[in-house]
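Counted from 1, the sequence shown has number 240 at position 34 by my numbering; the numbering is strictly sequential. Every residue, glycine too, gets a C-beta built ideally from N, C-alpha and C. These figures come from a predicted structure and were not determined experimentally. Only one structure is covered here, and it is reproduced in the block below.
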Amino acid sequence: MKRELSESRKSSSSGSAENARLQSQVASLRSDGEKAITDAKTNHMALSEAQNEIKALTAKLEAARKTVAEAAKAPGSAVKSRDHSSRSQLGGNLDATKQAALKEELYRDLTGLIINSIKRKEGEDEYSCIQTGRNGSKYRPSQVHDRTVLTNMSALHFHLTINNDSTSVNPKTPSGLSYEDAEFAYEPFFDEDRDRDLIDILPDYLTEEICFPRNHAVKFYTKVVDSMTKKIVIEE
């Protein structure tokens with residue numbers, strides 16, 4: 207009888223230890239589950255913030271595009287040379303055309319990007335762009351029909367095309383007409399002699415025609431600026 211009682215106690219003690227171990231595992235799994243839920247909420251918030259930032263940047267890009275398009279429609283050249291004496295006579299109020307010209311001029315000075323012309327055809331807007339920088343090919347003013355600001359400056363010449371709110375039969379940008387879904391089409395223009403060195407240092411995707419979604423426009427332009435401005439050492 208004593209032996210049976212002893213074995214029963216041992217069995218009860220072993221069962222208690224097993225229960226304690228299982229309870230510890232359950233508590234650990236519950237803690238891991240709560241942490242996973244917290245991490246998922248944090249990642250969802252970060253994704254939401256990133257999406258909102260993308261929408262804000264694309265809205266700014268669209269506003270800039272409309273401003274430049276309005277300036278291009280104005281009679282005569284919308285880009286004026288800097289004349290501080292004449293500006294002082296403008297006073298505090300500027301009409302829309304002068305504001306657009308000044309905005310474009312500031313944008314050009316800050317980024318080095320020159321929007322040479324804008325054409326609307328078959329439901330698409332085509333922008334002829336000149337990106338200046340230390341790594342580009344040398345352009346003369348007559349080659350880009352622009353101010354003498356480009357004399358002896360290096361530049362990359364390319365077209366950006368995007369759908370407008372008209373109907374396009376055969377668009378270069380195949381994704382549709384909605385603002386969020388619209389795509390840009392990039393088309394570089396090279397001269398074999400003039401641009402040989404530039405082609406060697408550009409990433410492959412900037413030497414050929416590509417399409418990319420509107421929400422990648424900022425990333426695309428960052429790559430263009432980096433390629434044109436960062437010092438590149440070519441190993442022999």
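Boundaries (first-last residue) of the beta strand (DSSP E) holding residue i
i    : result
E310 : Where E310 is concerned, there is no enclosing beta strand (DSSP E), although the alpha helix (DSSP H) it sits in stretches over A302 to T317.
E389 : E389 to F395
Distance, residue j Cα to residue i Cα
i    : j    : result
E311 : I260 : 25 Å
L444 : Q231 : The question about residue 444 has no answer, for the chain in this structure spans 207 to 442.
K179 : T248 : Residue 179 lies beyond the stretch modelled for the chain, which goes from 207 to 442, so this question has no answer here.
Q337 : G329 : 25 Å
P419 : G239 : 37 Å
K436 : L308 : 28 Å
L316 : Q257 : 26 Å
A226 : S220 : 10 Å
C417 : F390 : 6 Å
H363 : L408 : 13 Å
T273 : K425 : 21 Å
A423 : A275 : 18 Å
A252 : D245 : 11 Å
C319 : S254 : Just to set this straight, residue 319 is Leu in the shown sequence, not Cys. Taking the straight line joining both Cα atoms gives about 31 Å.
L263 : N421 : 8 Å
N341 : I405 : 10 Å
Y313 : A269 : 13 Å
H368 : H250 : A small fix is needed here, since residue 368 is Ile in this sequence, not His. Rounded to whole angstroms, I368 to H250 spans 31 Å at the Cα level.
D331 : K304 : 22 Å
L300 : G339 : 31 Å
Y333 : R271 : 10 Å
K327 : I243 : 51 Å
A388 : C335 : 19 Å
M434 : A361 : 8 Å
Q295 : N370 : Reliability of the predicted coordinates at Q295 is poor, the pLDDT of 47 falling under 50, and the value obtained from them is presented with this limitation in mind. Cα to Cα, Q295 sits roughly 37 Å from N370.
R209 : S222 : 20 Å
K266 : Q229 : 56 Å
For residue i, three-class secondary structure by DSSP
i    : result
R271 : helix
D331 : strand
S237 : helix
T367 : strand
N322 : strand
T264 : helix
N249 : helix
N299 : coil
T244 : helix
Start-to-end residues for the alpha helix (DSSP H) that takes in residue i
i    : result
A423 : A423 to T435
L404 : R402 to I407
Query - Cβ contact check for the stretch 394-405 and the stretch 419-430: 3 or more pairs under 8 Å - result: no
Query raised in the report: For the 8 Å Cβ check, are there 3 or more pairs between the stretch 386-395 and the stretch 231-249?
Result: With a cut-off of 8 Å, the stretch 231-249 and the stretch 386-395 do not count as touching, because too few Cβ pairs lie within range.
Query raised in the report: Would you call the stretch 315-334 and the stretch 409-424 in contact, with 3 or more CB pairs under 8 Å?
Result: no
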